[in-house]
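Working notes for the structure below.
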Amino acid sequence: MTTICPRCGEEGSLCRYRRNKRVYLYVHHYQKGKLIQKCYIGPEEYYVHTEHILKLSLTNLNDLDFLEVAKDSINRYISKIEIEKIEKERKIKEAIAKLEDFKKFIDDCINELKIRVKI
Ligand SMILES: [Zn+2]
Numbered sequence: 002m003t004t005i006c007p008r009c010g011e012e013g014s015l016c017r018y019r020r021n022k023r024v025y026l027y028v029h030h031y032q033k034g035k036l037i038q039k040c041y042i043g044p045e046e047y048y049v050h051t052e053h054i055l056k057l058s059l060t061n062l063n064d065l066d067f068l069e070v071a072k073d074s075i076n077r078y079i080s081k082i083e084i085e086k087i088e089k090e091r092k093i094k095e096a097i098a099k100l101e102d103f104k105k106f107i108d109d110c111i112n113e114l115k116i117r118v119k120i
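For the sequence shown, the residue numbers in my numbering are 2 to 120.
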């Protein structure tokens, strides 16, 4: 299954490994069909509690593109739902409702900015 890696933000394949009765998740990254990196995500049952590794730690605040961080966060939010096994449909519907609210928030911000410059 192709997903956005919650650790590095790149596209990859979600893989499950069973060890000592537990299942661990990794994202495998390929380049030209060759495995180039494995990102450890964590035990499957604790995946929803995996700490977000934000781009904030990779750059300084002056160079930070806050909209890119927001887009990245939304992609990570969606990719976490994609690997849900329990009540997936309900979680997808909940995500749609939250994203619709977020869209309204963005529309309000755009309208407020347009008023300021009288577009
Ligand atoms: Zn990765």
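Ideal Cβ positions, reconstructed from N, Cα and C, are used throughout, including at glycine.
Status (buried if at least 16 other CB within 10 Å, exposed otherwise) for residue i
i   : result
G1  : The structure shown does not extend to residue 1, since the chain is modelled only from 2 to 120, so the question has no answer here.
R91 : exposed
I42 : buried
I5  : buried
Residue i to residue j span [Cα, whole Å]
i   : j    : result
K94 : N112 : 27 Å
H50 : K35  : Note on H50: pLDDT 40, under 50, position unreliable in the model; no value is reported.
P7  : I120 : 38 Å
Heavy atom of ligand 1 within 6 Å of residue i beta-carbon
i    : result
R8   : yes
V132 : Residue 132 is absent from the structure shown; the chain starts at 2 and stops at 120.
C40  : yes
Y24  : Reading off the sequence shown, one finds Val at residue 24, where the question assumed Tyr. No, Cβ of V24 sits at least 6 Å from all heavy atoms of ligand 1.
V28  : yes
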